[in-house]
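Protein chains in written order, with the working numbering: chain R, 1 to 308; chain E, 1001 to 1275.
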């Protein structure tokens, strides 16, 4: 019996390796190896061209962590980090927004399905499309928002709607644009959560005569907790990944005021050819993300064991 | 919780909210069918005097969107097929084979899908440029997309393949079926809905990618539509009528997929519970 089991296991192992081989090669090459290579590059001053890539402390004078020391003294780095924190905070508002939309449109009606499809739509747009659409929407002289604000008298004749050109508010405009597809995504997850709620608990609460707010706060929200955890983590990862939209709508400007780490890393690396410095920025970004990744893994594993 | 009926007031509020929500889309749609003359006269937000598709024609010809569109298809289609194939193989191993690395492998796949892309940028660029010589080819972008999407897709397929009862697979094994035959003739046919759900997600994500074509492709002729739209913005600054038409064209394939396969798409998103 034991012999046959180990025979089966051996057979399974052989098959497993054969089935996994092409994926492992690709994944190792393009996802696993790059993490370590970036870590290594962050202690070099590679320019992207020279063949030899050696740590800069080999000369015995420079610190191995010179890139990180330079980052510490780099104003744009701090500006980008600050903006990333703003993204983390305010991009997260797409979660309650998605929840509100889900609660509002959680109705059994043919028309509601049609409404939902339209609400979901931004979710399938490329961020380049979102950026293009929103750049026009928020355009300072002729955009629709400017037109509407003038219509209701919030903007005077001759004034321009300068949100995206303002070094204080550009990030707000970017986060609003990014939240548009993301809130739709949160709405999808919450709608799925809502349709899985235990009906008897809610009916019992309604018989007890609780108010709608109490129902939401004490019963529905706790039941949606698993969805919320996933939504929050995915949202935070998204906030750290923010790149496309910023590169398209403001390119980090005006004067780096809307820059973020992901874009600054790209600029330093591929525009200024400071690969080592770029790698150091990516390592900082990675370190922040790692915390979230570990949280996500823990939550998913908890769901796994809870399910089986 | 699910209200059965809602009154008139509800529908008024819901409709207004919906209109507000899609107003950025409506703005671009409206501008895209207006003529430049009409816009130059300052009639931005009136109904179009004539319904003109001229901007779309121009985006396709002058803006080279026909080339970009084709490139996006050439990049997206094989990637989706390859990811479906490899991830279902991985999913089968992770769900049904007694393989001692299964749990660790699952963590690696799951963790990888949440990485910030920046940690991969330079090494992937370096690999393609100096080692694999796939830099500035569509194939190079395809290879990277396949590799990266394997993380999410393998996790996704594993969860679905887990729902197949072990009994029928054991029975096939006792009958002497090879694992490959079990996978290809039993598992895959049962996985059709899951594969459809995964395919819609993958298509959308890969079609919509911008960053990786920016890093890995230099030649304009082989760039995908997202990069093409960005080019259009750079070359025709303030030509909002053209940009709007370009944005609509770039959005059409994923919107079509979503409209036709919404059930699969939504199920994919909620079952995967992560991007």
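Cβ coordinates follow ideal geometry from the N, Cα and C atoms, glycine included.
{"Item": "Does at least one heavy atom of the ligand MG sit under 8 Å from the Cβ of residue 177/R?", "Value": "With respect to small molecules bound, the structure shown includes none, and the ligand MG cannot be examined in it."}
{"Item": "With DSSP run on the structure shown, which of helix, strand or coil describes residue 162/R?", "Value": "coil"}
{"Item": "For residue 64/R, I'd like the list of residues in its chain whose CB is within less than 8 Å of its CB, leaving aside the five on either flank, ordered along the chain.", "Value": "43, 55, 56, 57"}
{"Item": "Could you check what DSSP says for residue 44/R in three-state terms: helix, strand or coil?", "Value": "strand"}
{"Item": "Relative to the C-alpha of residue 1073/E, which candidate in 1229/E, 1115/E, 1225/E, 1268/E has its C-alpha closest?", "Value": "1225/E"}
{"Item": "Once DSSP output is grouped into helix, strand and coil, what is the label at residue 1014/E?", "Value": "helix"}
{"Item": "Considering only residues of the same chain and omitting the five flanking positions on each side of residue 157/R, which have a CB-CB separation below 8 Å?", "Value": "150"}
{"Item": "Measure from the C-beta of residue 60/R to each C-beta in chain E and report whether the shortest distance is under 9 Å.", "Value": "no"}
{"Item": "Ignoring anything shorter than 4 residues or poking outside the stretch 1184-1235 of chain E, list the alpha helix (DSSP H) runs there in chain order.", "Value": "1192-1208, 1211-1216, 1225-1235"}
{"Item": "In terms of alpha-carbon separation, which member of 264/R, 234/R, 17/R lies closest to residue 74/R?", "Value": "264/R"}
{"Item": "Is the CB of residue 267/R under 9 Å away from at least one CB in chain E?", "Value": "no"}
{"Item": "What is the DSSP secondary structure of residue 1/R, counted as helix, strand or coil?", "Value": "Only weak support is given to the placement of residue 1/R: the predicted model assigns it a pLDDT of 42, under 50, and the value that follows is read from those uncertain coordinates. Three-state result, residue 1/R: coil."}
{"Item": "Distance, Cα to Cα, residue 1321/E vs residue 1125/E?", "Value": "Chain E is shown only over 1001 to 1275; residue 1321/E falls outside these bounds and no answer can be derived."}
{"Item": "The alpha helix (DSSP H) with residue 114/R in it runs from where to where?", "Value": "110-120"}
{"Item": "Below 8 Å, can you find three or more Cβ-Cβ pairs linking the stretch 1108-1123 of chain E to the stretch 29-41 of chain R?", "Value": "yes"}
{"Item": "Give a yes or no on whether the minimum CB-CB distance between residue 55/R and chain E is below 9 Å.", "Value": "no"}
{"Item": "Note down, in chain order, all residues in the stretch 58-85 of chain R with a beta-carbon under 8 Å from any beta-carbon belonging to chain E.", "Value": "none"}
{"Item": "For a contact meaning CB atoms closer than 7 Å, what does residue 1123/E contact in chain R?", "Value": "33, 34, 37, 38"}
{"Item": "Taking 9 Å as the CB-CB cut-off, is residue 92/R touching chain E?", "Value": "no"}
{"Item": "Hey, residue 1196/E and residue 1264/E are a contact pair by Cβ (cut 8 Å); roughly how many whole angstroms apart?", "Value": "5 Å"}
{"Item": "Would you list the one or two residues that DSSP bridges to residue 55/R?", "Value": "44/R"}
{"Item": "Suppose you measure from the CA of residue 1016/E to the CA of residue 39/R; what does that come to, to the nearest Å?", "Value": "50 Å"}
{"Item": "Shorter than 9 Å from the beta carbon of residue 47/R to some beta carbon of chain E?", "Value": "no"}
{"Item": "Output needed for residue 190/R: all residues of its chain with C-beta closer than 7 Å, excluding positions within five of it in sequence on either side, in chain order.", "Value": "98, 99, 102, 224, 227"}
{"Item": "Taking the C-alpha atoms as reference points, what is the distance between residue 213/R and residue 159/R?", "Value": "42 Å"}
{"Item": "Can you list, in chain order, the residues of the stretch 1167-1198 of chain E whose Cβ is nearer than 9 Å to any Cβ on chain R?", "Value": "1173, 1178, 1179, 1180, 1183"}
{"Item": "Do we get a CB-CB distance below 9 Å when we pair residue 167/R with the residues of chain E?", "Value": "no"}
{"Item": "From residue 11/R to residue 293/R, what distance separates their C-alpha atoms?", "Value": "34 Å"}
{"Item": "Taking CB distances under 9 Å as the criterion, tell me whether residue 43/R reaches chain E.", "Value": "no"}
{"Item": "Note down the Cα distance separating residue 1079/E from residue 48/R, rounded to an integer number of angstroms.", "Value": "28 Å"}
{"Item": "Check the Cβ of residue 9/R against every Cβ in chain E and list those closer than 7 Å, keeping chain order.", "Value": "1098"}
{"Item": "Between residue 1089/E and the rest of its own chain, which residues show a CB-CB distance below 8 Å, the 5 nearest in sequence each way excluded?", "Value": "1183"}
{"Item": "Between the C-alpha atoms of residue 1275/E and residue 235/R, what's the straight-line distance to the nearest angstrom?", "Value": "In this prediction, residue 1275/E scores a pLDDT of 36, lower than 50, which makes its location untrustworthy; no coordinate-derived value is stated."}
{"Item": "By the 7 Å beta-carbon criterion, what residues does the stretch 1043-1061 of chain E contribute toward chain R?", "Value": "1044, 1045"}
{"Item": "Pick from 1270/E, 1240/E, 1269/E: whose alpha carbon is nearest that of residue 1058/E?", "Value": "1240/E"}
{"Item": "In the structure shown, what three-state DSSP assignment does residue 1054/E receive?", "Value": "helix"}
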